[in-house]
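Chains as they are written, first to last, in numbering that gives the first Met the number 0: chain A, 0 to 88; chain B, 0 to 343. Where a beta carbon is used, it is the ideal one built from N, C-alpha and C, also for glycine. Just so it is clear, the structure is predicted and the values come from calculations on it, not from any experiment. Accompanying notes for the structure given below.
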Amino acid sequence: MRNMESSVMRNAGISLKNLLPVISFARPSDVDKYLELYNIDIDSGKYRCAICGDVVTRENIYAIIVHGSSIKLICNKPSCQAKFSITSP
Amino acid sequence: MSNEILNFIKQQLSLIIGIIIGAVASPILKKLFALTKYFIVLRDLKRLEKTYSSSLKFAKGNLKELGLIVNKLPEEIVIETAYKDDMVLFSRIRAFFKKNVIGKLRGKEIFSITIFGNMSYEEQVAFIIQKSFESIISAKYEKVLGIDFRESLVIYYSYKLAFLSEDLVGKGVTLILERKFNEAKFKEIILKLDSKELEESITLNPPPEVRPLLDRVIMPIIELKSQEISPINDLSTIELTRREMQQLLTKIAEGKIGILFIGSRTPEEYLQYIKSRIDEFEGVLICARGKRTILCDPIVREISKEYQGSLGIETPSVKTFEGTLPSEENRPLNYKYVLISKHA
């Protein structure tokens with residue numbers, strides 16, 4: 000959690016101008032499609048929420064952020080949904 | 000040939016012609032339908048993208064002093080997929096063009112975000128507006144304002160943008176954001192800070208420009224305090240700052256602090272403005288920028304003397320918010336806000 004907060008603070012200070020966020024809205028029923036698309040084995044249990052650190056599952060997944068080879072998942076806790084940004088990876 | 004036979008032949012011919020026209024027209028109609036659907040998809044995806052750029056434009060126009068933050072954000076976003084009722088809004092050609100041609104040609108670094116949820120199309124538009132303002136306000140000010148105040152500000156600016164751009168975002172989006180703002184904890188304070196009535200009642204002199212206090216005074220103060228406290232990571236200092244800032248904003252909203260804008264008049268004239276209403280307020284917030292900031296300290300000294308002399312206050316409290324912010328012309332300019340109060 001502390002890491003994510005400091006990353007938000009850091010990102011607020013640096014230029015994000017060269018980034019191009021590509022956003023997809025998807026229904027919960029499409030989770031499997033996107034997990035397959037990004038080759039994410041969510042059943043392995045090794046994916047944790049980039050904000051709170053909780054294990055992310057098919058049931059509590061809220062967002063997938065892919066930046067180069069880095070993949071971050073966000074869980075659907077209201078506090079994590081609120082902290083998640085669309086302008087920085 | 001009898002008329003009956005002629006009529007029969009005519010009927011058969013019409014039927015055959017009808018079948019031929021139908022056979023030719025059906026694929027054309029199908030293509031026309033597909034084309035219309037495609038244009039609807041393009042229009043709805045474009046609308047989502049445009050709400051982001053409109054949010055940045057709104058922030059640049061109304062919150063000029065926060066220009067540095069807005070200028071650091073991505074200039075645009077690409078919506079690859081969205082949904083509206085039963086329709087999936089997606090175009091492979093458009094997505095390819097936006098990502099590979101526009102993105103890469105402009106040297107942009109692409110990152111993808113997929114958001115899961117059962118949102119209506121209007122909720123998706125509202126989401127983009129809200130997240131845009133969160134990027135401008137919320138993340139930056141977490142050391143200066145508590146979460147409820149930050150959220151209230153984000154929702155207020157999102158709702159204000161939707162209200163002013165209803166042609167673009169649609170009535171449904173404005174209603175969603177209005178409902179959210181109605182639930183915001185600091186709704187009343189923010190509304191007061193943005194109201195003309197408050198500005199007219201607490202401004203001690205005619206302001207140099209007509210802009211709401213929220214945009215012109217409050218947001219710059221928050222930004223300056225944020226700059227000052229950004230290297231600090233001590234939680235108690237952060238919590239104390241949040242509390243002090245909330246108290247200041249609440250007092251301004253309650254009309255307990257008078258506002259004085261330093262312009263081209265003489266220091267004596269400004270002192271006269273203050274003295275004439277000194278009993279009405281718990282304190283005075285002196286606002287100056289550029290070369291006029293040098294007038295702040297002499298005026299504060301005079302007000303201190305006034306507080307100590309006629310009002311018998313031993314040590315008036317003085318708080319300064321000072322730093323560099325962009326001006327209207329987007330040039331860096333020194334801003335200074337000094338709050339002098341009767342009580343600490």
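- Put simply, the CB of Y33(A) is near chain B, with a gap under 7 Å to one of its CB atoms.
- Taking 7 Å as the CB threshold, Q123(B) lines the interface with chain A.
- Secondary-structure assignment with DSSP links C295(B) through no beta bridge to anything.
- Shown here, F89(B) sits in a strand according to DSSP, grouped into three states.
- Its chain contains T173 as the residues whose beta carbon lies nearer than 7 Å to that of F162(B), once the 5 sequence neighbours on both sides are disregarded; these appear in chain order.
- Taking C-beta separations shorter than 8 Å and ignoring five residues to either side along the sequence, the partners of N75(A) in its chain run N59, I60 and Y61, following chain order.
- Against T113(B), the close residues of chain A are S23, A25, Y33, A62 and I63, in the order they occur along the chain (beta-carbon pairs closer than 7 Å).
- Counted as a single uninterrupted DSSP element, the stretch harbouring T86(A) is not any beta strand (DSSP E), since DSSP gives it neither H nor E.
- In this structure, the alpha-carbon of A81(B) lies about 16 Å from that of F95(B).
- The Cβ neighbour count for V23(B), taken over all protein chains shown within 10 Å, is under 16; the residue is labelled exposed.
- Two segments are said to touch when three or more pairs of C-beta atoms, one from each, lie closer than 8 Å; by this definition the segment 232-246 of chain B touches the segment 135-155 of chain B.
- With the criterion set as a beta carbon lying under 8 Å from some beta carbon of chain A, the members of the segment 73-88 of chain B are P73, E74, E75, I76, V77, I78, E79, T80, A81 and Y82, in sequence order.
- Using a Cβ distance threshold of 7 Å, C295(B) and K341(B) do not count as a contacting pair.
- Put simply, of A33(B), D43(B), I78(B) and I20(B) the residue whose alpha carbon is nearest the alpha carbon of V21(A) is I78(B).
- P206(B) and R300(B) have their C-alpha atoms roughly 22 Å apart.
- L203(B) counts as buried, since no fewer than 16 other beta carbons sit within 10 angstroms of its beta carbon.
- Counting C-beta pairs closer than 8 Å gives fewer than three between the segment 124-143 of chain B and the segment 89-105 of chain B, which falls short of the contact rule.
- Under the Cβ distance rule, N38(A) does not count among the residues neighbouring chain B, no pair being separated by less than 7 Å.
- At least 7 Å separates the CB of F162(B) from every CB of chain A.
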